[in-house]
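Asks: Here's a structure for you.
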Amino acid sequence: MDWLQFLSSVIGSIAWPAAVITLTCLMREPLAKLIPLIRTLKYKDVQIDLGEKIEAAKELVGAEAEAPSQADKDLLSSFRSIAEVDPRAAVLSAWLPVEAELSQVADKRNVPSRMPPMAKLRELHQERFIDLATYQKLVRLRDIRNTAAHLPEKAVSFDDAMNMAEMCQWAVGLLKQLNASLDTKLT
Numbered sequence: 058m059d060w061l062q063f064l065s066s067v068i069g070s071i072a073w074p075a076a077v078i079t080l081t082c083l084m085r086e087p088l089a090k091l092i093p094l095i096r097t098l099k100y101k102d103v104q105i106d107l108g109e110k111i112e113a114a115k116e117l118v119g120a121e122a123e124a125p126s127q128a129d130k131d132l133l134s135s136f137r138s139i140a141e142v143d144p145r146a147a148v149l150s151a152w153l154p155v156e157a158e159l160s161q162v163a164d165k166r167n168v169p170s171r172m173p174p175m176a177k178l179r180e181l182h183q184e185r186f187i188d189l190a191t192y193q194k195l196v197r198l199r200d201i202r203n204t205a206a207h208l209p210e211k212a213v214s215f216d217d218a219m220n221m222a223e224m225c226q227w228a229v230g231l232l233k234q235l236n237a238s239l240d241t242k243l244t
């Protein structure tokens, strides 16, 4: 192999990687602007679409949802304020009252407090204190929360955040009813 063949071989080996690196550097800013607009993640055979998950959960919850009380309206108003600034943060914070109420119910049912929230939910379901439909709805809401936690900040829309807040308020109301039923049984 002489110098010309060697040089040709080196250039041939480096050409495609250099072209890809150059294009990536040139397109970095336009691509960075597009990433926050992604609402669907797909990796191999797994596809996650937050909007579809929220709509499916809303259909499940919608049939049972009652008109919100004044306290619920005030809480929804605070979630609206958060959602206007950061919808993803609103989705995450909407789930927190559900976990808090779930912990209160679990404590009254003597479920160990050291258990994570979803283990408490599973335990309450296994004790047949929470029915299958409610269990599935709460698991779906938790899955939406987890999906939102791992998406880019701008991937969650204001409407998605408000829908999640409404569904979480429904879940809190349901758990409060269960909590109240425990109070009446204990007295």
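Just so it is clear: in the sequence shown, position 60 is 117 by my numbering, and no numbers are missing.
Beta carbons are placed, not taken as given, at the ideal position from N, Cα and C, and that holds for glycine.
Can you tell me whether DSSP reads Arg199 as helix, strand or coil?
Replies: For the purposes of this step, residue 199 is taken as residue 142 along the sequence shown, with counting starting at 1. In the structure shown, Arg199 sits in a helix (DSSP, three-state: H, G or I).
Asks: Can you tell me whether Ile187 is helix, strand or coil according to DSSP?
Replies: One-based indexing of the sequence shown puts residue 187 at position 130. Three-state result, Ile187: coil.
Asks: Kindly give me the distance between the Cβ atoms of Leu149 and Ala205, rounded to whole angstroms, as I take these residues to be in contact under 8 Å.
Replies: Residue numbering aside, residue 149 sits at position 92 when the sequence shown is read from its first letter. Residue numbering aside, residue 205 sits at position 148 when the sequence shown is read from its first letter. The Cβ separation is near 6 Å, so the contact holds.
Asks: Among residues of its own chain, excluding the 5 on either side of His182, which ones have a beta-carbon nearer than 6 Å to its beta-carbon?
Replies: For the purposes of this step, residue 182 is taken as residue 125 along the sequence shown, with counting starting at 1. Excluding positions up to five away in sequence, the list reads Tyr192.
Asks: What does the alpha-carbon distance come out to for the pair Val229 and Pro154?
Replies: Locating residue 229 in the sequence shown gives position 172, counting from the first residue. Locating residue 154 in the sequence shown gives position 97, counting from the first residue. Roughly 7 Å separates the two Cα atoms.
Asks: Buried or exposed: Arg145, going by 16 or more other Cβ atoms within 10 Å of its Cβ?
Replies: Residue 145 sits at position 88 when you count from the first residue of the sequence shown. Buried, because 16 or more other Cβ atoms sit within 10 Å of the Cβ of Arg145.
Asks: Among Leu189, Glu210, Leu83 and Thr81, whose alpha-carbon lies nearest the alpha-carbon of Val142?
Replies: Stepping through the sequence shown from its first residue, residue 142 is reached at position 85. The residue with the shortest Cα to Cα distance from Val142 is Glu210.
Asks: Let's test the definition: count the other Cβ atoms within 10 Å of the Cβ of Glu223 and tell me whether it reaches 16, buried, or not, exposed.
Replies: Counting from 1 along the sequence shown, the entry for residue 223 is found at position 166. It counts as buried.
Asks: Whose CA, out of Ala140, Leu83 and Ala76, lies closest to the CA of Ser214?
Replies: On the sequence shown, residue 214 is found 157 positions in, with the first residue counted as 1. Nearest option by C-alpha distance: Ala140.
Asks: Report, in whole angstroms, the separation of the C-beta atoms of Lys177 and Leu159, which I expect to be a contact under 8 Å.
Replies: Here residue 177 corresponds to residue number 120 of the sequence shown, with the count starting at 1. Here residue 159 corresponds to residue number 102 of the sequence shown, with the count starting at 1. Rounded, the Cβ-Cβ distance is 6 Å, consistent with contact.
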